[in-house]
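Colleague: Residue numbers (the numbering used here): -16 to 250.
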Amino acid sequence: MGALDHERYCSEIVTQAKLLGKAVDGAEPGSAVPSCPDWNLERLMLHLGGEYRWAEQIVRTRDQVEICAAHADGAPEPTGQDPASLGTWLVEGAEGLADALRAAGPGVEVWNPIAGVPWNALSWARRMTHETLLHRADAEFTVGAEFTADPELAVDALDEWMLLCALPQLSQADPELRRLLGDGNTVHLHATDVPDELAAEWLVDLTGEAITWRRAHEKATVALRGSLTGLLLAAYLRKPLSDSDLEVFGDTELLRGWLERVTVWFR
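1. Thinking just about the alpha-carbon of each residue, which of Gln(-1), Val126, Gly191 is nearest to the one in Gly76?
2. Determine the closest residue to Asp139 out of Thr175, Arg198, Gly99, Val(-3), with distance taken between C-alpha atoms.
3. Classify Leu164 as helix, strand or coil using the three-state DSSP reduction.
4. Could you check the C-alpha separation between Ala203 and Ala6 for me, to the nearest Å?
5. Trp185 bridges to which residues according to DSSP?
6. What does the Cβ neighbour count give for Asp166, buried or exposed, with the cut at 16 atoms within 10 Å?
7. Quick one: give me the first and last residue of the alpha helix (DSSP H) that Val42 is part of.
8. Are the beta-carbon atoms belonging to His173 and Glu201 less than 8 angstroms from one another?
9. Quick one, which of Phe130, Ile(-4), Leu29 has its alpha-carbon nearest Pro12's?
10. Give the DSSP-derived three-state secondary structure of Trp94 in the structure shown.
11. On the three-state DSSP scale, how would you describe Glu(-5)?
12. Check for me: the beta strand (DSSP E) holding Thr212 runs from which residue to which?
13. Taking the alpha-carbon positions, what's the Ser227 to Glu(-5) distance?
14. Return the Cβ separation of Gly127 and Ala104 in integer angstroms, given the expectation that the two are a contact with Cβ distance under 8 angstroms.
15. Would you mind stating whether Ala122 and Leu27 have Cβ atoms separated by less than 8 angstroms?
16. What number of angstroms, rounded off, separates the C-alpha of Gly4 from the C-alpha of Phe130?
17. For the segment 140 to 157 against the segment 29 to 38, do three or more pairs of beta-carbon atoms, one drawn from each stretch, fall closer than 8 angstroms, so that the two count as touching?
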């Protein structure tokens, strides 16, 4: 369950939130977020800060029924926030969540809305780490900054993404995704700029009735090669496959169709 430990996840939630806040300091809250259509910076930060408070309440209370994020305590009004106050509010939410996760410990049973992932605080710590990481990318794209991610963190983010995208309920609920299964279809992702010990290669097997994946270097129907950060951004539909940082070998339409069908659930 994750290559990183619980404390690393807790620390990264706060670190990534602070980096996001620093990136948008002084930016116009109404600036459109190019990687999240119909969102602006203010909405992005309200969304993420609300997620922190929602998750914190679940972890702190051990409540195993869904708690509506819109009713999380401490959420500000949806528009017109002072940018500096909004940044402070975002980091306060991250710190509150990290404190609750630390107090709970990784193994404590906690309700999770995603069927198929462990019901524990560690799952929440991991999910909110990578949620923050990707929204930091969104914010940095908005202000024209260059996004980079720590290699260990990016590898773990892709591992978690693979886990989520292979959940059986996705293919069960999506006829278009089911049409990609069978016919010997496989997808290979290969990071080209990291040490071999990180083993930053993934093989997605679509040949059976369910999606499976493994870390492996194998021939596939289609391969996506590029920087580790580029692979992460492409997987989450933050970067087009035509980007100069990426190379596609094989069935591009299979790769594009697979990414679009699985990522829409966790974007």
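By construction, the Cβ of each residue, glycine as well, lies at the ideal position given by its N, Cα and C atoms. Keep in mind it's a predicted model, so treat the numbers as computed, not measured.
Modeller: On the basis of the data shown:
1. As a working note, residue 76 is residue 93 in the sequence shown. Nearest to Gly76 by alpha-carbon distance, out of Gln(-1), Val126, Gly191, is Gln(-1).
2. For this step, residue 139 is matched to residue 156 along the sequence shown. Checked all of Thr175, Arg198, Gly99, Val(-3); the closest Cα to Asp139 is Arg198.
3. By one-based count along the sequence shown, residue 164 stands at place 181. It is coil, neither helix nor strand.
4. Within the sequence shown, residue 203 is the residue found at index 220, counting from 1. Within the sequence shown, residue 6 is the residue found at index 23, counting from 1. Per the coordinates, the alpha-carbon of Ala203 lies some 38 angstroms from the alpha-carbon of Ala6.
5. Reading the sequence shown from its first residue, position 202 is the one you call residue 185. Per DSSP, Leu172.
6. Taking the first residue of the sequence shown as position 1, residue 166 is located at position 183. Exposed.
7. For the purposes of this step, residue 42 is identified with residue 59 of the sequence shown, where counting begins at 1. Following the DSSP letters along the chain, one finds Val42 inside the alpha helix (DSSP H) bounded by residues 24 to 44.
8. Looking up residue 173 in the sequence shown gives position 190. Looking up residue 201 in the sequence shown gives position 218. At the C-beta level, His173 and Glu201 stay beyond 8 angstroms of one another.
9. As a working note, residue 12 is residue 29 in the sequence shown. Considering only alpha carbons, the answer is Leu29.
10. Position 111 of the sequence shown, counting from 1, holds the residue named residue 94. In the structure shown, the three-state DSSP call for Trp94 is coil.
11. Here residue -5 refers to the residue found at position 12 when the sequence shown is read from its first residue. Glu(-5) falls in the helix class under three-state DSSP.
12. Locating residue 212 in the sequence shown gives position 229, counting from the first residue. That residue, Thr212, is in no beta strand (DSSP E); its alpha helix (DSSP H) goes 211 to 218.
13. What you label residue 227 is simply residue 244 of the sequence shown in a count that begins at 1. What you label residue -5 is simply residue 12 of the sequence shown in a count that begins at 1. Cα to Cα, the separation comes out at about 29 angstroms.
14. Here residue 127 refers to the residue found at position 144 of the sequence shown. Here residue 104 refers to the residue found at position 121 of the sequence shown. The beta carbons of Gly127 and Ala104 sit about 36 angstroms from each other, so the pair does not count as a contact at 8 angstroms.
15. For the purposes of this step, residue 122 is taken as the residue at position 139 of the sequence shown. For the purposes of this step, residue 27 is taken as the residue at position 44 of the sequence shown. Yes; because the gap between Cβ atoms is below 8 angstroms, this pair is in contact.
16. Here residue 4 is taken as the residue at index 21 of the sequence shown, counted from 1. Here residue 130 is taken as the residue at index 147 of the sequence shown, counted from 1. One C-alpha to the other measures close to 14 angstroms.
17. Contact fails: fewer than three Cβ-Cβ distances are below 8 angstroms.
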